[in-house]
Every structure is written in structure tokens, then in C-alpha cells.
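To start, the structure under review is shown below, and the notes come after it.
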Amino acid sequence: MSAARPRVLYVTDLAYPARGRRYGDEDVFLTSRLREHFDLALCHPLDAAALMDAYDAVVVRNSGPVLGYRKEYDAFRARALADGIRVYNPLNGKADMAGKQYLLDLSAAGFPVIPTVDRAEDLHRLPAAERYVVKPKLGADSLGLRVIPAARLADLAGLADASVFIQPCVDFAYEVSFYFVDDDFEYALYAPDPERRWDLKPYPATAADLEFARRFVDWNALGHGIQRVDACRAPDGELLLVELEDLNPYLSLDALPEESRDAFVTALTASLSRFVQGVLTPA
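Listed below in C-alpha cells is the structure:
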């Protein structure tokens, strides 16, 4: 590491056309604040592997779904692991970073997750619903997602293979996201209108809500980094996990009041400083 300020390569796709979100704006804001503490350079995800050796750490932020450049991402990941490059979030995440298999594993283990199967012979394990959701295991940003009526459930026998998973379409009251830096809860946001996923408002999380969210953060045991626990409020009032984003979660910082945004930046700066310096916190 350099004797002066740490050198950080910040990976982002500023031009990615995210639906309902402005990736570029969020990363311009974050980097403007992080520059106060780090020598910072931005690069596109396709350039990260060629540049990362010159930096003390690589921060992967709003880099977009890796489906569009899977080969290059896998090469970046393999080289970073082989060369001991510090990547934030660390590459040992067990959730979205590794695909969607964790939803099946957590569902089978009895965690509060939307019931999930991936084999035709297991379709009977799903609760009755009017509609069902079919998602690719390596999907992201709703790419490849399909919703089918219950009358066509038998048709899923041909779809239920190693590449997709199936869930009942939950008639939820709202979606809510809990944001963590390392193991610390920072803030929560929710979408009061289920039809407007990214029209977010601050959410006053209860102790029970945080116990729910922290259960998944503890399971992932990431130690460092930013995680977003996405959940939905089921008709019976229970929270169910939708996904655990541990690769490059969008933060919706523009939905926060200024003091909450500043508190998040402070927490992120402290976490990244510890990470770059190699002062690991218990996982």
C-alpha cells in the first residue's frame, strides 16, 4: 500500500440504463465524497482487470448486471482471487454474488424466504397461487423474469432445470430494503406502491424487522462491504426475503435525507479504510 493515501480503483458503469435508477448520479456523488480520503480513479467494469494491479483496493459499485460481460467478469474474479487483490465487496459472498442458488438453500433450510424450487418433481412443494414467477438463476435486474398463471403450472416441468427457479407470485403489501455496511445497519427504504418498485421512502424499521434482516447478513458472513436485504411484506404480515444483494447493490441515496446520506458516507469511508489497511473485522 502507498505510504500516503490509499489508491482505490472504483468500478462503475456510469452510462448503464437502469430502470427507475440513476447509477451514474449515485456514483458521482459517492466518489466526490470518497476523494476526500482516498486517491481515486473510476473505470468501466470491462477495464478493471487491466488496471487493478496499480491500486491498493478495487471497489465494485454500480457496475450493472454481469450477464452482459460474464466471461470478462469471471476472468476479473479469478485473477483478483489468485493475485490477492483486495476487492470490496470481498468475493466470498454467498448470495447474489454467487447466483440465485442461495434462495433454494435458504428456502430448504427454513429461512423466511419466498418458497423456491428448481426441479419439476418439487413443484408440489410450492403453496397454491394464482401466478408463478420463473427466474434465471444467473439473472439480475429482472432480466429473463417471467410470470405465468397457475393454469400453466404443469408447463413448468420443462422449465424447471438447473438454470431457473420457480416461486409463487406473492401478493405483497410493499417491498422494503435494509442497507448494511459491514455488519452494521445503516438505513431502510420501502416502496409504498408495489407497482413502483423504485419510488422509495424512508422506512422506520422495527426491532423485529432488523432481526429479520440481520439473520441474512449473519448467514452471509461477508465481514466487509455493503449489503442490501430486499424483502416483501406478505399478506399475513410476515417479511419474506426477495434477494440478498452482496455484489453491487444500488443504494438509492437520493431517497434519503441529507443527514442519513452523510451518516452512510461516514460509515462507508470508515469501512473502506479498515479494509484497505487490512484490519479485518470478525465475520
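With the working numbering, you'll find the sequence shown wraps up at 512, consecutive numbering, no jumps. We put the beta carbon where it would ideally sit given N, CA and C, even for glycine. Just so you know, these numbers come straight off a predicted model, no measurement behind them.
Report yes or no: do the segment 349-363 and the segment 405-415 share at least 3 C-beta pairs separated by less than 8 Å?
-> no
Arginine 250 versus aspartate 459: straight-line alpha-carbon distance, rounded = The residue you call residue 250 lines up with position 21 of the sequence shown. The residue you call residue 459 lines up with position 230 of the sequence shown. If you take the alpha carbons of arginine 250 and aspartate 459, they lie about 16 Å apart.
Please report the residue range of the alpha helix (DSSP H) in which lysine 300 lies.
-> Numbered from its first residue, the sequence shown carries residue 300 at position 71. First-last of the alpha helix (DSSP H) with lysine 300: 299-312.
When you compare each of Phe401, Asp254, Val410 and Ala437 to aspartate 422 by their alpha carbons, which one comes out closest?
-> Here residue 422 is taken as the residue at index 193 of the sequence shown, counted from 1. Ranking the options by Cα distance to aspartate 422, first place goes to Phe401.
Run the CB neighbour count on histidine 453, radius 10 Å, all protein chains shown included, and call it buried at 16 or more, exposed below.
-> The residue labelled residue 453 in the question sits at position 224 within the sequence shown. By the 10 Å Cβ count, histidine 453 comes out buried.
When DSSP builds the beta bridges, which residues end up paired with lysine 430?
-> The sequence position of residue 430 within the sequence shown is 201, counting from 1. Lysine 430 is bridged to Tyr419.
Simplified DSSP state of leucine 170, which is helix, strand or coil | Past the boundaries of the shown model lies residue 170; the chain is included only from 230 to 512, so the question cannot be answered.
Might you give, ordered along the chain, the residues of its own chain that have their beta carbon closer than 8 Å to the beta carbon of isoleucine 343, omitting 5 neighbours on each side?
-> The count along the sequence shown starts at 1 and reaches residue 343 at position 114. So the list reads Leu332, Ser336, Gln396, Pro397, Val399, Cys461, Leu469, Leu470 and Val471, once near-sequence residues are dropped.
Spatial neighbours of phenylalanine 493 in its chain, beta-carbon cut-off 8 Å, leaving aside the 5 residues before and after = Mapped onto the sequence shown, residue 493 falls at position 264. Tyr408, Val410, Glu415, Tyr416, Leu480, Leu482 and Leu485.
Beta-carbon proximity of leucine 238 to alanine 277, cut-off 8 Å | Within the sequence shown, residue 238 is the residue found at index 9, counting from 1. Within the sequence shown, residue 277 is the residue found at index 48, counting from 1. Contact: yes.
Identify the residues that DSSP records as bridge partners of aspartate 413: which are they?
-> By one-based count along the sequence shown, residue 413 stands at place 184. Val410, per the DSSP bridge assignment.
Around the Cβ of valine 257, are there at least 16 other Cβ atoms within 10 angstroms (buried) or fewer (exposed)?
-> On the sequence shown, position 28 is the one that residue 257 refers to. Result: exposed.
Do the segment 280-290 and the segment 310-322 meet, that is, are 3 or more Cβ pairs less than 8 Å apart?
-> yes
Which whole-angstrom value is the C-beta distance of alanine 324 and alanine 358, which I expect to be below 8 Å?
-> For the purposes of this step, residue 324 is identified with residue 95 of the sequence shown, where counting begins at 1. For the purposes of this step, residue 358 is identified with residue 129 of the sequence shown, where counting begins at 1. That pair is no contact at about 24 Å.
With aspartate 268 and arginine 234 assumed to form a contact (beta carbons below 8 Å), what rounded beta-carbon distance in angstroms separates them?
-> Translated into the one-based positions of the sequence shown, residue 268 becomes position 39. Translated into the one-based positions of the sequence shown, residue 234 becomes position 5. That pair is a contact at about 5 Å.
Under 8 Å, do arginine 490 and glutamate 474 count as touching if we go by C-beta distance?
-> Numbered from its first residue, the sequence shown carries residue 490 at position 261. Numbered from its first residue, the sequence shown carries residue 474 at position 245. No. Outside cutoff.
Going straight from the alpha carbon of valine 508 to that of alanine 499, what length do you get?
-> For the purposes of this step, residue 508 is taken as the residue at position 279 of the sequence shown. For the purposes of this step, residue 499 is taken as the residue at position 270 of the sequence shown. Note that valine 508 has pLDDT 44, beneath the 50 cutoff, so the model's placement of it is unreliable and no number is given.
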